[in-house]
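S.K.: Using mature numbering (1 follows the signal peptide of the UniProt record, and there is no 0), the letters of the sequence shown correspond one by one to residues -23 to -1, 1 to 184.
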Amino acid sequence: MSKRKALAYTLMAALLLSNSAVLTTEAAAKASSTEEEVISKKLKAEDLDDNAKATLELVKEVMPDMKKYDIIHVRVYENLKTRNGDRIDQLEVELMGTPEGEKPHHALIRMNAKTGELIGAEIANGLLKSEEKLNEEEATKKGFEYLKHFLGEKADIYEVSEVRNYVFGDGAKQILVIYTAPDHDIYVTMDSEGELKAAKKDMFIEE
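This is the structure in structure tokens:
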């Protein structure tokens, strides 16, 4: 297994099992920079343009708990280098909600700051403790449905490269499906019933 994929598995598991604050991408952004400095700037929710708002709504359609969350941080990471050699600015929106009787739940949505194209969406709202779990065929099919929701016809370029099941000490389960395109992967993480917990496009250069 590559170091890149091993890190992705670790971060996904940490995100989904924790209701503490979601890790920001500041460290990842710095690691992604090469010769040019990555600059982060903070915005307000009212600064979001129509593209960003549309992407937020697109994510909330398949992660409906986010509809009850408030935006708490908006950041832009500038000049990130992608695997195809381009550089983009990444907009990061962090949300938080506190269901009655529970610890705060968090979510993080990342997108191209100029176009609104989704880069990643993650939600930390707990995992189901269930005896049932999706089989590999069901998981890959469900994961592809999420890709189609986010990407439309662009989803057709992706092929399944790996499926991994996780069972944690408290009985909670999650499944990770990796979809591969020519220059990047997408990691789709679901709970045991196929509810989307994270979708992350692995598109930035690591040093």
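All C-beta atoms, glycine included, are put in the ideal place defined by N, C-alpha and C.
At which residues does the alpha helix (DSSP H) containing residue 35 begin and terminate?
M.R.: That run of the alpha helix (DSSP H) goes 27 to 39.
S.K.: When the Cβ atoms of the region 73 to 86 are set against those of the region 149 to 163, are three or more pairs found closer than 8 Å?
M.R.: Judged by Cβ distances under 8 Å, the region 73 to 86 makes no contact with the region 149 to 163, as fewer than three pairs qualify.
S.K.: So is residue 117 buried or exposed if we call it buried at 16+ other beta carbons inside 10 Å?
M.R.: Residue 117 is buried by the Cβ-count criterion.
S.K.: Less than 7 Å between the C-beta atoms of residue 154 and residue 144, yes or no?
M.R.: Going by C-beta atoms, residue 154 is not nearer than 7 Å to residue 144.
S.K.: If we ignore side chains and look at the alpha-carbon of each, how far apart do residue 127 and residue 167 end up?
M.R.: When rounded, the distance between both Cα atoms is 15 Å.
S.K.: Here's the rule I'm using: 16 or more other beta-carbon atoms within 10 Å means buried, otherwise exposed. How should residue 78 be labelled?
M.R.: It is exposed - the Cβ of residue 78 has fewer than 16 other Cβ atoms within 10 Å.
S.K.: Hey, out of 71, 63, 147 and 176, whose CA is closest to residue 48's CA?
M.R.: Measuring from the Cα of residue 48, the nearest candidate turns out to be 71.
S.K.: Could you check where the beta strand (DSSP E) with residue 99 kicks off and where it finishes?
M.R.: 95 to 101 is the extent of the beta strand (DSSP E) around residue 99.
S.K.: On a Cα-Cα basis, can you pick out the residue from 120, 170 and 25 that is closest to residue 88?
M.R.: Looking at the Cα atoms, 25 is the closest of the given residues.
S.K.: Give every residue of the same chain whose Cβ lies closer than 7 Å to the Cβ of residue 3, excluding the five residues on either side of it in the sequence, and list them in chain order.
M.R.: Bear in mind that a pLDDT of 41 at residue 3, under 50, signals an unreliable position, so the number given afterwards is only what the model happens to contain. So the list reads 17, once near-sequence residues are dropped.
S.K.: Which stretch, first to last residue, makes up the beta strand (DSSP E) that contains residue 46?
M.R.: Premise fails: residue 46 is in no beta strand (DSSP E) and is neither H nor E.
S.K.: What separation, rounded to the nearest whole angstrom, lies between the Cα atoms of residue 62 and residue 178?
M.R.: Going by the C-alpha atoms only, they are around 15 Å apart.
S.K.: Among the candidates 43, 67, 60 and 114, whose CA atom is the shortest distance from the CA of residue 52?
M.R.: Comparing Cα positions, the closest option is 67.
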